[in-house]
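**Q** Per the numbering used here, the sequence shown starts with residue 222, numbered consecutively.
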Amino acid sequence: MSPGPPDEEVLERAAAGIGGARRVVVLTGAGVSAESGVPTFRGPDGLWKSHRPEELATPGAFARDPRLVWEWYQWRRDLVGGCAPNPGHRAIARLQAGRPDTVLVTQNVDGLHAMAARETGAEGARILELHGSLFRVRCARCPWRAGRREAVDATSEASLPRCPECGALVRPDVVWFGEGLDREVLEGAFHAGREADVCVVVGTSAVVQPAASIPLATLEGGGVLIEVNPERTPLSPLAMATIRAGAGEVLPCLLRA
Ligand code: BV8
Numbered sequence: 222m223s224p225g226p227p228d229e230e231v232l233e234r235a236a237a238g239i240g241g242a243r244r245v246v247v248l249t250g251a252g253v254s255a256e257s258g259v260p261t262f263r264g265p266d267g268l269w270k271s272h273r274p275e276e277l278a279t280p281g282a283f284a285r286d287p288r289l290v291w292e293w294y295q296w297r298r299d300l301v302g303g304c305a306p307n308p309g310h311r312a313i314a315r316l317q318a319g320r321p322d323t324v325l326v327t328q329n330v331d332g333l334h335a336m337a338a339r340e341t342g343a344e345g346a347r348i349l350e351l352h353g354s355l356f357r358v359r360c361a362r363c364p365w366r367a368g369r370r371e372a373v374d375a376t377s378e379a380s381l382p383r384c385p386e387c388g389a390l391v392r393p394d395v396v397w398f399g400e401g402l403d404r405e406v407l408e409g410a411f412h413a414g415r416e417a418d419v420c421v422v423v424g425t426s427a428v429v430q431p432a433a434s435i436p437l438a439t440l441e442g443g444g445v446l447i448e449v450n451p452e453r454t455p456l457s458p459l460a461m462a463t464i465r466a467g468a469g470e471v472l473p474c475l476l477r478a
């Protein structure tokens, strides 16, 4: 059941909370990109609908069938390559342009936040990509990594890209299930969470760890949560305001401060 228009009073209270905050951190998940046409993970038409996470987004899956994993990621790169930032991405970028100490922590690998920052003149915005990027690749064995937007030919294992340094297979530079996150990125995200007076949580089902614990760091530091999500999540009961609406619809108003 789609939610009605967001409650004006809740929206005003949340906007005032953000406007009055000394420091804000924003945590996003796949829902912030839904209005850009990028399927979420666990929604009705989600990415996991056609595949199970364990099937594709794990090191074991890549070791067993690198061609299938690359076929899925290339499909996602093609899909995301045709998507553009929506008003939700741009509202966050404007907030960061106006308040440069605002840290954006995203679980998304679609690069749309960085694109919105470039379009909004907020190139210096601090964006922590917890789970990597669809448009970066790295060697499955040595430290080599690179940005890559051109298509990967996943028609056969022989056509998959190989590392120019050591010849091992090249893989998407994303964090798979069971893999540790980049230590510096993760420490930065939790530090931003602890330092924030307000954590705005947008478009995440809050089931994937350790990302879902970042808002808890804000609470532990005495801050508050504001959630933007049409659905209830495990974080909803902990939020000082939950706005049951789409990110693209409400963030321009919520973050106007
Ligand atoms: C780790 C990158 C330890 C790849 C992703 C058993 C085995 C192994 C691990 C575990 C295990 N049990 C638990 C774990 C830990 C595991 C985990 O959390 N599992 C979950 C499923 C229980 N975590 C890990 O494995 C992490 N690593 O723990 O390592 C370790 C430590 C040291 C050394 C070695 C190992 C790594 C997790 C990262 C996995 N990678 N992505 C790729 O993308 O292909 S996770 C994937 O899920 C995406 O990144 C995605 O962002 C993330 C979370 O999903 P959401 O973003 O929340 O998306 P979802 O669809 O779920 O929800 C969308 C929401 O938006 C919904 O609430 C919806 O209502 C809302 N929405 C819809 N429309 C809108 C909207 N909101 C606003 N506006 C709208 N318009």
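Yeah, the Cβ is synthetic: ideal placement off N, Cα and C, and Gly gets one too.
Taking the alpha carbon of Glu470 as the reference point, which residue from Arg244, Arg234, Val253, Gly238 has its own alpha carbon closest?
**A** On the sequence shown, position 249 is the one that residue 470 refers to. Considering only alpha carbons, the answer is Val253.
**Q** In whole angstroms, give me the CA-to-CA distance for Leu325 and His334.
**A** Position 104 of the sequence shown, counted from the start, is the residue given in the question as residue 325. Position 113 of the sequence shown, counted from the start, is the residue given in the question as residue 334. Cα-Cα distance, rounded: 9 Å.
**Q** For Leu402, verify whether its CB is less than 7 Å away from any heavy atom of ligand 1.
**A** Within the sequence shown, residue 402 is the residue found at index 181, counting from 1. Yes - ligand 1 has a heavy atom lying nearer than 7 Å to the Cβ of Leu402.
**Q** Just to confirm, does Val358 get its C-beta within under 7 Å of one of the non-hydrogen atoms of ligand 1?
**A** Looking up residue 358 in the sequence shown gives position 137. It does not: the Cβ of Val358 is nowhere closer than 7 Å to a heavy atom of ligand 1.
**Q** According to the Cβ coordinates, are Gly332 and Leu355 closer than 8 Å?
**A** Sequence index remark: in the sequence shown, residue 332 carries index 111 (1-based). Sequence index remark: in the sequence shown, residue 355 carries index 134 (1-based). Going by C-beta atoms, Gly332 is nearer than 8 Å to Leu355.
**Q** Could you tell me if Glu441 is buried or exposed, where buried requires 16 or more neighbouring beta carbons within 10 angstroms of its beta carbon?
**A** Within the sequence shown, residue 441 is the residue found at index 220, counting from 1. That one is exposed.
**Q** Decide if Trp291 is buried, meaning its Cβ has at least 16 other Cβ atoms within 10 Å, or exposed.
**A** Residue 291 sits at position 70 when you count from the first residue of the sequence shown. Trp291 comes out buried.
**Q** Does DSSP put Arg288 in a helix, in a strand, or in coil?
**A** Counting from 1 along the sequence shown, the entry for residue 288 is found at position 67. Reduced to three states, the DSSP call for Arg288 is helix.
**Q** According to the neighbour-count rule (16 or more other Cβ atoms, all chains shown, within 10 Å of its Cβ), is Pro265 buried or exposed?
**A** As a first step, residue 265 must be located in the sequence shown, where it is residue number 44. Exposed: under 16 other Cβ atoms inside 10 Å.
**Q** Rounded C-beta distance between Arg359 and Asp394? I'm assuming under 8 Å.
**A** As a working note, residue 359 is residue 138 in the sequence shown. As a working note, residue 394 is residue 173 in the sequence shown. Between Asp394 and Arg359 the Cβ distance is about 4 Å, and since that is below 8 Å, they are a contact.
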